[in-house]
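Heads up, the sequence shown stops at 263 in my numbering, and the numbers go up one at a time, no gaps.
Just below is one structure, and these are the notes that go with it.
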Amino acid sequence: VDKPPMLPTQPDASNYMECCPGCVNDLMGPFTTIGGDPVHRPLLCHRVDNCVGGCVVLSKDRNGQKVFSEYQRNRKVKKLYLTVTENPVPLGMHVHWMWSPKEDGGEDGPNCQLMSHDPPESRRKARAFWTRCVLEVTKSVPITLIKDHHLITNSDKSETPQKHYQSTIRLVTGRKHQVRAQLSSLGAPILGDTLYGPMSGMTLDKLTDPENDSMDDDMLDEAMAMCRIPRHPIGLQAHAILFAGIKAKARVPWWGDGTGYR
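Structure follows, in structure tokens:
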């Protein structure tokens with residue numbers, strides 16, 4: 002399905018019906034399995050952030066979930082994302098490392114993911130403290146955003162169109178907030194992403210680099226204090242997904258239809 006941004010992907014106690022599976026069941030159901038058994042509600046096969054729109058795969062039963070998980074584990078699922086940023090994103094393959102201490106259980110620490118552009122010193126440290134993140138930027142082109150049939154211009158009253166860049170990204174590994182965190186670490190945070198925008202260009206390897214004086218612990222703490230979970234759609238869309246001969250593509254993203262820019 003093509004999930005609109007700001008619709009929660011996963012249900013919880015406060016939005017059991019107002020979430021992706023609940024809305025799919027209400028609008029497209031009722032469903033039945035291959036054997037003809039009724040489906041209470043479809044099951045999620047993967048996650049997409051609330052503030053992100055685009056392709057979400059659901060299954061009628063747990064067997065479908067299991068098959069899709071195996072496809073993902075074996076790297077047989079191809080995902081393409083579209084992003085819009087104020088700065089161009091460097092083309093090519095990007096391999097970064099996400100700080101994720103295993104003893105923390107993945108629950109402690111800040112909401113935002115911290116990145117390093119340098120590999121861990123050893124395999125032991127990599128297994129214990131880091132998660133490898135890989136994506137490929139295949140295209141990054143300048144675009145002009147339009148709202149209500151008017152160009153978005155610079156704030157200096159010059160009336161010149163404000164530059165933005167739309168990038169096409171092939172996701173190789175799928176980690177929490179991976180695209181958002183990696184682009185921010187490259188100095189090109191996603192438009193409207195209040196969680197990673199303050200962290201633009203900040204990476205953990207800069208803290209340990211004696212020749213780098215553009216970042217210190219205080220600057221990192223101040224930036225993290227400004228990070229907030231987005232309350233509006235951000236410039237990121239899960240644009241297309243391909244697996245087992247099935248290809249699904251989302252509609253034009255909100256920044257392309259001229260109606261959703263804040």
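Note that CB positions come from ideal geometry on N, CA and C, so glycine has one too.
For residue i, three-class secondary structure by DSSP
i	result
G257	helix
Y72	helix
G110	Note that G110 scores a pLDDT of 46, beneath 50, so its modelled location is shaky; the value from the coordinates is reported in the next line. Correct three-state label for G110: coil.
V90	coil
G198	helix
Q183	helix
A241	strand
K207	helix
K77	coil
K248	strand
K67	helix
K4	strand
H150	Only weak support is given to the placement of H150: the predicted model assigns it a pLDDT of 44, under 50, and the value that follows is read from those uncertain coordinates. Reduced to three states, the DSSP call for H150 is coil.
R128	helix
The alpha helix (DSSP H) enclosing residue i, as first and last residue numbers
i	result
P22	C21 to M29
A224	D218 to A226
Chain-order list of residues whose beta-carbon lies under 6 Å from that of residue i (same chain, five-residue window excluded)
i	result
S264	Limits of the chain in this structure are 2 at one end and 263 at the other, which puts residue 264 out of reach.
G106	Because the pLDDT of G106 is 44, which lies under 50, any placement of that residue in the model is unreliable, and the number read from its coordinates should be weighed accordingly. Taken in chain order, the list of residues that qualify is empty.
A249	C56 and I242
T115	Residue 115 is actually Leu in this sequence, not Thr. Hits under 6 Å: W100 and L205.
P102	F130
S60	L44, C46 and Q66
A189	T86, N88 and V90
R181	I191, D194 and Y197
S185	Y197, M200 and S201
V96	V135
V138	V90, L92, S168 and I170
V2	V25 and V57
Limits of the unbroken beta strand (DSSP E) element including residue i
i	result
E137	W131 to I144
Q167	H165 to L172
I191	Taken as a continuous stretch (DSSP letters only), I191 belongs to no beta strand (DSSP E), as it is neither H nor E.
C56	G54 to C56
7 Å Cβ shell around residue i - same chain, five flanking residues per side excluded
i	result
P6	C52, V53, G54, P234 and W255
S141	P89, V90, L92, Y166 and S168
P120	W98
P211	none
L237	V53, Y82, T84, V180, R181 and I191
P39	P31 and T33
Residues bridged to residue i (per DSSP)
i	result
H233	Per DSSP, none; premise fails for H233.
H95	L136
L59	L45
P39	T33
Y82	I170 and A239
S1	Because the chain spans 2 through 263 in this model, residue 1 falls outside it and cannot be assessed.
Other residues of its chain near residue i: CB distance less than 8 Å, five sequence neighbours each side excluded
i	result
P9	N16, E19, C20, C21 and N51
L208	M216, D217, D218 and L221
F69	C46, H47, V58, S60, V78 and F244
C113	H178, A182, L196, Y197, M200, M225 and C228
Residue i: CB within 6 Å of a non-hydrogen atom of the ligand PLP
i	result
R74	In the structure shown, the ligand PLP is absent, as is every other ligand, since no ligand is present at all.
#### Entry: Inter-stretch contact at 8 Å, needing at least 3 Cβ pairs: the segment 65-75 / the segment 226-235
Because the criterion of three Cβ pairs below 8 Å is not met, the segment 65-75 and the segment 226-235 do not touch.
### Message
For the structure I just gave you, are there three or more beta carbon pairs, one from the segment 240-256 and one from the segment 82-94, closer than 8 Å?
### Response
yes
### Query
Is it a yes or a no for the segment 130-146 touching the segment 170-178, going by three-plus beta-carbon pairs under 8 Å?
yes
### Query
Does the pairing of the segment 22-34 with the segment 68-76 give three or more beta-carbon distances under 8 Å?
no
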